[in-house]
């Protein structure tokens, strides 16, 4: 059994990283890519003006947590503390950044069959040979989430309220959460 892995992220130098269909000089700090030691973890540095096209991954789910800067997800600007996750096959993005950002990315995989598991959604065929069918991540999350007392789903509760707090989707909690994520109310 492998020993627990510990390291200081600032001791890992960012290296240049090419993403298919992207624009910008991307850098990545790979903190762990040995799945026998835990989840694959990296910090992706998206440059100011950087762009990653809408895409999906076949090998497994993926999680993003914005550490600094602004991440624009499908046109919605998110700030530090924003959390995104999607299951395998769920189209996400496009991802952009106006001012640059650092995003912690956690996956259960790094590549599949020696190939980087990144499939551009626009017109690219999936493993079945059929064009990729975008699956709305909010719709997918709603379908899998349990319902609350008022009929709202756990996904709605999580997206409407403060992290880890079931407030039933109260508008004032949503406003506070969205303001903390850098979304404007004005």
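Residue numbers (the UniProt record's numbering): 1 to 186.
From the three backbone atoms N, C-alpha and C, an ideal C-beta is built for every residue, glycine too.
Treat the numbers as computed from the prediction; the structure is a model and nothing was measured.
Neighbourhood of residue 21 by C-beta distance below 7 Å, restricted to the same chain and skipping five residues each side: Excluding residues within five positions, the ones whose Cβ falls inside 7 Å are 53, 120.
Local conformation of residue 11 per DSSP, three classes: Look at residue 11 here: in three-state DSSP terms it is helix.
Option in 11, 117, 108, 10 with minimal Cα separation from residue 61: Among 11, 117, 108, 10, the Cα nearest to that of residue 61 belongs to 108.
Residue burial classification, residue 133 (beta-carbon count within 10 angstroms, cutoff 16): Low local confidence applies: a pLDDT of 44 at residue 133 is under 50, so the model's placement there is unreliable, and no value is given.
Under the three-state DSSP convention, the category residue 69 falls into: Under the three-state reduction of DSSP output, residue 69 falls in the strand class.
Cβ distance (whole Å) where residue 44 is taken to contact residue 103 below 8 Å: Between residue 103 and residue 44 the Cβ distance is about 5 Å, and since that is below 8 Å, they are a contact.
According to DSSP, residues forming a beta bridge with residue 107: Paired residues: 40, 62.
Residue 58 beta carbon less than 8 Å from that of residue 88: With a cutoff of 8 Å on beta-carbon distance, residue 88 and residue 58 are scored as near each other.
The region 14-29 / the region 74-93 touching (three or more Cβ pairs under 8 Å): The region 14-29 makes no contact with the region 74-93: fewer than 3 CB pairs, one atom from each, lie closer than 8 Å.
Distance CB(residue 100)-CB(residue 69) smaller than 8 Å: Yes, they are a contact pair.
Option nearest residue 50 by Cα separation, candidates 28, 23, 29, 64: It is 23.
Inter-residue Cα distance where the pair is residue 40 and residue 91: Rounded to whole angstroms, residue 40 to residue 91 spans 20 Å at the Cα level.
Residue 63 vs residue 32 beta-carbon contact at 8 Å: Their beta carbons are not under 8 Å apart, which means residue 63 does not touch residue 32 by this criterion.
Exposure label - residue 3; buried when at least 16 CB within 10 Å: Answer is exposed; the Cβ neighbour count stays below 16.
Residue 28: first and last residue of the uninterrupted beta strand (DSSP E) it sits in: That run of the beta strand (DSSP E) goes 27-32.
Inter-residue Cα distance where the pair is residue 73 and residue 47: Between residue 73 and residue 47, the C-alpha separation is close to 15 Å.
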